[in-house]
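Working notes for the structure below.
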Amino acid sequence: MSRGVDPYLWNIESGGIISFKGSNDGIQIPFQDLYFKITVPRFLGSGLQLEIRPSYTWEQTLGYFGMGSQSGGGLGALKNLAFSSKMLAEAALCLANDDLPPTAGQVTTAQAMGAALTERVKRAGIKFEVLDAG
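Using the numbering used here, the letters of the sequence shown map in sequence onto residues 20 to 153.
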């Protein structure tokens, strides 16, 4: 890029996640998370950057058991917090230290770290099992 040339005057980004859940009543939408972001890197011609990101999140009772805030309270919540912390740390170590497949763009955790992360978390004592939904 030539000196004195600005790469862009503004940037607009949007994204979202919508989940679908089948039931006897048809298809439900139990979770939505949508956002819109605008960035102006040289706001008012100065070194200030303006970034506005309105978002909308809606969820119904998901019946979810796992890590995160949807997994209940009490001692179970503390265990889930420890699990989440361990998973985050192992993912960071995997990205920093492991030989990973080449990827580009926005990829899933499985595409980016796959088998390397699975082996790391197993060595860290995290176990995975499939539970009966009944």
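Each residue gets a CB set at the ideal place from its N, CA and C atoms; glycine is no exception.
It should be emphasised that the depicted structure is a prediction, and the values quoted were computed from it without experimental measurement.
DSSP state of residue i mapped onto helix, strand, coil
{"i": "E109", "result": "helix"}
{"i": "G87", "result": "Because the pLDDT at G87 is just 49, under 50, the model does not fix this residue reliably, and the point stays unresolved."}
{"i": "T127", "result": "coil"}
{"i": "V149", "result": "coil"}
{"i": "L22", "result": "Sequence check: residue 22 is Arg here, not Leu. Of the three classes helix, strand and coil, the one that applies to R22 here is coil, per DSSP."}
{"i": "L119", "result": "coil"}
{"i": "G159", "result": "No answer is possible for residue 159: the residues shown for the chain start at 20 and end at 153."}
Own chain, CB closer than 8 Å to residue i, minus 5 neighbours either side, in chain order
{"i": "C113", "result": "L119, M132, A135, L136, R139"}
Contacts around residue i, its chain only, beta-carbon distance under 6 Å, and the 5 residues preceding and following it disregarded
{"i": "E109", "result": "R139, V140, A143"}
{"i": "T58", "result": "N30, E70"}
{"i": "S74", "result": "Y54"}
{"i": "T76", "result": "D52"}
{"i": "S88", "result": "Because the pLDDT at S88 is just 49, under 50, the model does not fix this residue reliably, and the value given afterwards should be weighed accordingly. Excluding residues within five positions, none has a Cβ falling inside 6 Å."}
{"i": "D44", "result": "none"}
Chain-order list of residues whose beta-carbon lies under 7 Å from that of residue i (same chain, five-residue window excluded)
{"i": "P49", "result": "S38, K40, E78, Q79, L81"}
CB of residue i within 8 Å of CB of residue j, strictly
{"i": "G23", "j": "Y54", "result": "no"}
{"i": "P60", "j": "Q68", "result": "yes"}
Jot down the residue ranges of each uninterrupted beta strand (DSSP E) in the region 25 to 80, minimum 3 residues, whole runs only, in chain order.
30 to 42, 45 to 59, 69 to 71, 74 to 78
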